[in-house]
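Q: Residue numbers (numbering that gives the first Met the number 0): 0 to 180.
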Amino acid sequence: MKRLAAQALAAPPVWRLLRRRALAGDPLTILCYHTLGPDRGGPEAWTVLRMEDFGRQVALLRAHYDIVSLDQALAPRAPGATRPRAVLTFDDGEAGMHRHLLPFVRAEGVPVTVYVATGQIETGTPFWFDRVMNALQAEGAFALDLRAEGLGQWAFPAGGGAALWSVMGPLLERMKTLAPA
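1) Specify, as a first and last residue, the run of the alpha helix (DSSP H) that Trp45 falls within.
2) Give the DSSP bridge partners of Leu87, in chain order.
3) Enumerate in chain order the residues of its own chain whose CB-to-CB distance from Phe155 is below 8 angstroms, with the five nearest sequence positions on each side excluded.
4) Decide if Thr34 is buried, meaning its Cβ has at least 16 other Cβ atoms within 10 Å, or exposed.
5) Just list the residues that DSSP pairs Gly36 with in beta bridges.
6) Which residues mark the beginning and the end of the beta strand (DSSP E) in which Leu143 is found?
7) Starting from the C-beta of Ser68, find all residues in its chain whose C-beta is less than 6 angstroms away, skip the five residues before and the five after it, and write them out in chain order.
8) Would you mind giving the Cβ-Cβ distance between Ala50 and His99, rounded to the nearest angstrom? I have them listed as a contact below 8 angstroms.
9) For the candidate residues Arg55, Tyr32, Arg76, whose alpha-carbon lies nearest to that of Asp25?
10) State the start and end residues of the unbroken beta strand (DSSP E) segment that holds Phe155.
11) What are the residues that DSSP puts in a beta bridge with Thr112?
12) Considering Cα atoms alone, identify which of Ala178, Glu121, Gly158 is closest to Lys148.
13) Identify whether Asp129 lies in helix, strand or coil by the three-state DSSP scheme.
14) Report the three-state DSSP secondary structure of Asp65 (helix, strand or coil).
15) Once DSSP output is grouped into helix, strand and coil, what is the label at Gly149?
16) By how many angstroms is the C-alpha of Gly95 removed from the C-alpha of Ala116?
17) Suppose the cutoff is 8 angstroms on Cβ atoms and the five residues either side in sequence are ignored; what does the same chain contact list for Gly58 look like?
18) Give the straight-line distance between the Cα atoms of Leu145 and Asp91, rounded to the nearest whole angstrom.
19) So Met174 is in the alpha helix (DSSP H); what residue range does that whole segment cover?
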């Protein structure tokens with residue numbers, strides 16, 4: 000049933016009608032990224048987008064959108080502009096921005112907005128969630144007892160990957176609910 004619905008919606012006449020409807024009122028799409036990483040190796044985190052994947056996303060966006068700066072998105076549009084606009088933003092301004100994003104932006108001429116968390120730069124202290132993720136990327140299986148903090152006990156499997164993140168993700172979400180110390 001889902002496949003039939005997808006095929007019907009992707010049919011050229013339906014697609015054109017949906018696109019026209021979606022573009023009514025001059026929509027703006029803002030994509031929010033956290034960081035970029037190398038295609039091989041690097042941190043195993045859902046917040047890290049591999050460069051190869053980012054390049055494919057930008058190519059897809061360029062085919063269907065005008066990628067504009069945040070300032071351009073807030074300014075009045077040029078008369079006759081018909082393509083939807085997209086803005087690319089990055090949070091926290093960590094090392095992946097310098098290592099991976101900056102060379103890409105220079106080579107491809109893609110406008111981006113980077114939000115830099117200056118407190119972490121000034122103190123040299125990583126974000127709490129980065130400290131947790133780094134600690135949880137241990138080699139073998141291990142357990143973490145966080146009952147004193149009201150977070151229960153957690154068992155982490157060896158090997159990383161999806162199995163590790165199936166435990167790590169919910170723990171990080173629970174930690175975000177804690178009041179600041």
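We put the CB at the ideal spot given by N, CA and C, even for glycine.
A: On the basis of the coordinates in this document:
1) Segment: none, Trp45 is in no alpha helix (DSSP H) and carries neither H nor E.
2) Leu30
3) Leu135, Ala137, Ala140, Phe141, Ala142, Leu143, Leu163, Val166, Met167
4) buried
5) Arg49
6) 141-144
7) Pro110
8) Position check: residue 50 holds Met in this sequence, whereas Ala was assumed. Yes, Met50 and His99 are in contact; Cβ-Cβ is about 5 angstroms, under 8 angstroms.
9) Arg76
10) 152-155
11) Thr88
12) It is Glu, not Lys, that sits at residue 148 in the sequence shown. Here the closest residue by C-alpha is Ala178.
13) helix
14) strand
15) coil
16) 14 angstroms
17) The question names Gly, but residue 58 in the sequence shown is Ala. Counting only Cβ-Cβ distances below 8 angstroms, and skipping sequence neighbours, we find nothing.
18) 27 angstroms
19) 160-175
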